[in-house]
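K.L.:
Attaching a single structure in structure tokens format; questions to follow.
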Amino acid sequence: MKGLTWVVWRQHRATAWTVLALTAVAACCVGYWFHQQYAFQQENGIAGCDILLPTCHGERFTVEDSLPESARLLHTDYRDMILRVGYGLLCLPLLVAMFIGAPLFARDFENGSHRLALTQSVSPRRWMAAKLGFAVSLTLVVSLVLTALYGWWWHSTWRDFGDLVWDTPTPFLTAGPAAVALAVLAVVVAATVGLVIRRTLPAMVVSLAISGGVLYLLRAWRPAERLWPVRVERTAPSSFVDTPRHARHQVLKYENSWGDRLPVEICPEMNPERARCLREHNVVSSIVEYHPASAYWPTQWVLAGICLTVAAALVAGCLWWVGRRTA
Numbered sequence: 001m002k003g004l005t006w007v008v009w010r011q012h013r014a015t016a017w018t019v020l021a022l023t024a025v026a027a028c029c030v031g032y033w034f035h036q037q038y039a040f041q042q043e044n045g046i047a048g049c050d051i052l053l054p055t056c057h058g059e060r061f062t063v064e065d066s067l068p069e070s071a072r073l074l075h076t077d078y079r080d081m082i083l084r085v086g087y088g089l090l091c092l093p094l095l096v097a098m099f100i101g102a103p104l105f106a107r108d109f110e111n112g113s114h115r116l117a118l119t120q121s122v123s124p125r126r127w128m129a130a131k132l133g134f135a136v137s138l139t140l141v142v143s144l145v146l147t148a149l150y151g152w153w154w155h156s157t158w159r160d161f162g163d164l165v166w167d168t169p170t171p172f173l174t175a176g177p178a179a180v181a182l183a184v185l186a187v188v189v190a191a192t193v194g195l196v197i198r199r200t201l202p203a204m205v206v207s208l209a210i211s212g213g214v215l216y217l218l219r220a221w222r223p224a225e226r227l228w229p230v231r232v233e234r235t236a237p238s239s240f241v242d243t244p245r246h247a248r249h250q251v252l253k254y255e256n257s258w259g260d261r262l263p264v265e266i267c268p269e270m271n272p273e274r275a276r277c278l279r280e281h282n283v284v285s286s287i288v289e290y291h292p293a294s295a296y297w298p299t300q301w302v303l304a305g306i307c308l309t310v311a312a313a314l315v316a317g318c319l320w321w322v323g324r325r326t327a
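Numbering (full-length UniProt numbering), first residue to last: 1 to 327.
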């Protein structure tokens, strides 16, 4: 480590060591909780069982009257734990934005140390690139470690709980490449805000607001539903295809001979005149549109690509900005 890289490290080493230490503690906690759950399932013979299904390893049990106490504890204690950890990881973009990204440039401009940096033998763009590289690298280490561990935990056990789904913010925004890309985007957005505002505390507040707004919009927009095409299954008009377990966003429709899709409400299943109704509307098939659980990974990569593209555009904007406004 030498030159500008060494200077940036010396300037931000306290932040780096603090963040890395907290990451190590969090990683140990996640690993410990996962081990506790795994050991509990193995000890009680319920590993790999979906506790909402009526059988487990050939033995029958039901939620209503004969669910083993171990399965009840798994569903209440460990299910809540995996969700709470996921909700905590949802805050990761907010934290890296506030404490890594926002002060990156704002603190230098606020205390005037940017003048010293820019009078050395490096260009403003090299100075900015080195600092952004430090922030993004630190964010990548933190987010890769935590999301990989949580993703390992989630994908190893989520089917055991029966009522957990793959397209909710936990795990969709906390356990995959999208989570890493979202953290990188948050730190770049915050650095950009700090570069423009040039004051640390206001930059932290604005960065928190922007990152929180992005998370809220992603939650409302439901990227898992919109970023990947639905799968369509057809069958005879009188019945509907059984979709795979853990399929999401199921929509039932009818299709007539002209290819038009009609709502199922026009001929309700309980209608005694349903057969005649289907003939009158010239229905030739029933269709089911849904997203299978296998859509998780391609949708993750699409969202990650979008986040990284926006981050790259912001970095390009920062390079242009710092060349014109460093005086």
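Heads up, the beta-carbon is just placed ideally off N, CA and C, and yes, glycines get one too.
Note that this is a predicted model, so its numbers are computed, not measured.
On the three-state DSSP scale, how would you describe N282?
P.N.:
Correct three-state label for N282: coil.
K.L.:
Using a threshold of 7 Å, state whether the C-beta atoms of T192 and L95 are closer than that.
P.N.:
No, the pair does not count as a contact, with Cβ atoms beyond the cut-off.
K.L.:
Quick one: what does DSSP say I287 is sitting in, helix, strand or coil?
P.N.:
DSSP places I287 in strand when its eight states are reduced to three.
K.L.:
How would you label S211, buried or exposed, when you count the other beta carbons within 10 angstroms and need 16 or more for buried?
P.N.:
With 16 or more Cβ atoms within 10 Å of its Cβ, S211 is classed as buried.
K.L.:
Could you spell out where the alpha helix (DSSP H) holding R72 opens and where it closes?
P.N.:
Element bounds for R72: E69 to L73.
K.L.:
If we require 3 or more residues per run, which beta strand (DSSP E) segments fall completely within the region 175–231?
P.N.:
Fully enclosed beta strand (DSSP E) runs of 3 or longer: not present.
K.L.:
What are the partner residues of V251, as DSSP defines its beta bridges?
P.N.:
In the DSSP output, where bridge partners are listed per residue, V251 has E289.
K.L.:
Which residue marks the beginning of the alpha helix (DSSP H) containing P171, and which one marks its end?
P.N.:
Counting along the chain, the alpha helix (DSSP H) containing P171 begins and ends at P169 to F172.
K.L.:
Going by C-alpha distance, which of L92, I100 and Y38 is nearest L74?
P.N.:
L74 has its Cα closest to that of Y38, out of L92, I100 and Y38.
K.L.:
Tell me the rounded alpha-carbon separation between A295 and A247.
P.N.:
Whole-angstrom Cα-Cα distance: 9 Å.
K.L.:
Suppose the cutoff is 8 Å on Cβ atoms and the five residues either side in sequence are ignored; what does the same chain contact list for E225 look like?
P.N.:
Here the set comprises D167, R248, H249 and H291.
K.L.:
Terminal residues of the continuous alpha helix (DSSP H) containing R159?
P.N.:
Unbroken run through R159: none, as it is neither H nor E.
K.L.:
Is it true that the CB of A190 sits closer than 7 Å to the CB of A316?
P.N.:
In this structure, A190 does not lie closer than 7 Å to A316 by Cβ.
K.L.:
Could you check where the alpha helix (DSSP H) with R245 kicks off and where it finishes?
P.N.:
That residue, R245, is in no alpha helix (DSSP H); it is neither H nor E in DSSP.
K.L.:
Judging by CA-CA distance, which residue of C28, L303, V241 and Y87 is the nearest neighbour of L218?
P.N.:
Comparing Cα positions, the closest option is L303.
K.L.:
Let me know if T18 comes out buried or exposed under the rule of 16 or more other beta-carbons within 10 Å of its beta-carbon.
P.N.:
Under this definition T18 is an exposed residue.
K.L.:
Take V268 and list the residues in its own chain whose beta-carbon comes closer than 6 Å to its own, dropping the five residues that flank it on each side.
P.N.:
Here the sequence assigns Pro to residue 268, which means Val is not the residue at that position. Nothing listed; no residue qualifies.
K.L.:
What first and last residue would you give for the alpha helix (DSSP H) that runs through P93?
P.N.:
Per DSSP, P93 belongs to the alpha helix (DSSP H) from L92 to V96.
K.L.:
For residue 331, name the three-state secondary structure that DSSP assigns.
P.N.:
Nothing in the structure corresponds to residue 331, since the chain is present only between 1 and 327.
K.L.:
Could you round the C-beta distance between G101 and S207 to whole angstroms and report it? I think they count as a contact, below 8 Å.
P.N.:
About 6 Å; that satisfies the 8 Å criterion.
K.L.:
Is it the case that the region 257–275 contacts the region 145–154, given that we only count it when at least three CB pairs across the two stretches are under 8 Å?
P.N.:
No, the region 145–154 is not in contact with the region 257–275.
K.L.:
So P103 is in the beta strand (DSSP E); what residue range does that whole segment cover?
P.N.:
No beta strand (DSSP E) holds P103; the alpha helix (DSSP H) holding it covers A102 to N111.
K.L.:
I'd like to know whether the C-beta atoms of L89 and T174 end up nearer to each other than 7 Å.
P.N.:
Taking 7 Å as the Cβ cut-off, L89 and T174 qualify as a contacting pair.
K.L.:
Taking DSSP as the reference, what is the three-state secondary structure of E269?
P.N.:
Note: E269 maps to coil in three-state DSSP.
K.L.:
Express the C-alpha separation of V251 and E280 in angstroms, rounding to a whole number.
P.N.:
Going from the Cα of E280 to the Cα of V251 covers about 22 Å.
K.L.:
Starting from the Cα of R234, find the closest Cα among Y216, R261, A209 and W221 and give me that residue.
P.N.:
Comparing Cα-Cα distances from R234 to each of Y216, R261, A209 and W221, the minimum goes to R261.
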